[in-house]
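Visitor: Below is one structure. I have some questions about it.
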Ligand code: PRT
Ligand code: ZN
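Laid out in structure tokens, this is it:
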């Protein structure tokens, strides 16, 4: 039988929990060292270690059959993949935040303002749905620094504890989207017997945690 391929994050916030989940499913393999692809010794599966941003695209194109990635990244990438299972880790919220002494107080105050973000697609959808016309400044990281430098009036970024906002003189203004890690699959994978076996194991690991 052909091996399935699952793409997980190579390093970063989702790597450890993704690896742990697969190990708790009884899979025997080595975590990422230098090889970007590894075989599971006791299951028909290979693991690809990728940047999280690339995972939805690999799965949508069928290069990987499965992937574990944050919902925020799936939505931003705008590709067609199937949601197979919510995984309950990597929880965070994409929020718009403003400087702690900002005079932006209600949504309509964002009209004509500039918002720095690494999530222009999700942010634009949100603003459009609320009828707000703001100027999105796309930057790839360290977004929290933008208002203090005068680059933008607000930011839209991922928040978990809120510590980063606070230490950069910002306060949360409005929630745009909640996110958690999701097991995704390429179209047509749902009936695959190897996937069905893996999914059963994943679900029993998740149930044991409840
Ligand atoms: O290298 P690669 O591209 O794979 O990784 P990355 O650097 O793009 O992503 P990474 O590893 O930082 O995050 C992977 C995923 O974890 C994200 O896509 C989210 O789905 C999820 N996640 C959960 C988070 C956070 N919590 C989080 N707190 N992603 C990022 N953050 C950052 C946030 O950007 C901000 O700078 O942490 C900071 C805020 O944290 P608090 O606790 O101070 O609020
Ligand atoms: Zn990334």
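Residue numbers (this note's numbering): 300 to 509. A virtual CB, placed ideally from N, CA and C, is assigned to each residue, including glycine.
Using 9 Å as the threshold, is the C-beta distance between residue 354 and residue 328 below it?
Guide: No, Cβ-Cβ distance for residue 354 and residue 328 is not below 9 Å.
Visitor: For ligand 1, I want to know if residue 412 counts as a neighbour, meaning its beta carbon is within less than 8 Å of at least one of the ligand's heavy atoms.
Guide: The answer is no for residue 412.
Visitor: Quick check on DSSP: helix, strand or coil for residue 388?
Guide: If DSSP states are grouped into helix, strand and coil, residue 388 belongs with coil.
Visitor: For ligand 1, which residues count as neighbours when the test is a C-beta closer than 6 Å to any heavy atom?
Guide: Matched residues: 308, 311, 312, 313, 350, 351, 352, 369, 371, 372, 389, 391, 456, 457, 458, 459, 460, 461, 462, 463 and 478.
Visitor: Given residue 437, which residues of its chain have a CB within under 6 Å of its CB, disregarding the five upstream and five downstream residues?
Guide: Cβ neighbours of residue 437 beyond the five flanking positions: 419.
Visitor: Going straight from the alpha carbon of residue 447 to that of residue 373, what length do you get?
Guide: Going from the Cα of residue 447 to the Cα of residue 373 covers about 30 Å.
Visitor: Assuming the contact rule is C-beta atoms closer than 8 Å, residue 396 and residue 451 should be a hit. Round their C-beta distance to whole Å, please.
Guide: Their Cβ separation, rounded to whole angstroms, is 11 Å, which puts residue 396 and residue 451 out of contact at 8 Å.
Visitor: Who are the Cβ neighbours of residue 269 in its own chain at under 6 Å, not counting the five residues just before and after it?
Guide: Residue numbering for the chain in the displayed model covers 300 to 509; residue 269 lies beyond these limits and cannot be assessed.
Visitor: With a threshold of 6 Å on Cβ separation, who are the neighbours of residue 399 within its own chain once the five nearest residues in sequence on each side are excluded?
Guide: Counting only Cβ-Cβ distances below 6 Å, and skipping sequence neighbours, we find 468 and 470.
Visitor: Helix, strand or coil for residue 455, going by three-state DSSP, please let me know.
Guide: The answer is strand: DSSP assigns residue 455 an E or B state.
Visitor: Give the range of the beta strand (DSSP E) segment to which residue 477 is assigned.
Guide: It spans 469 to 478 - the beta strand (DSSP E) in which residue 477 sits, taken as one unbroken run.
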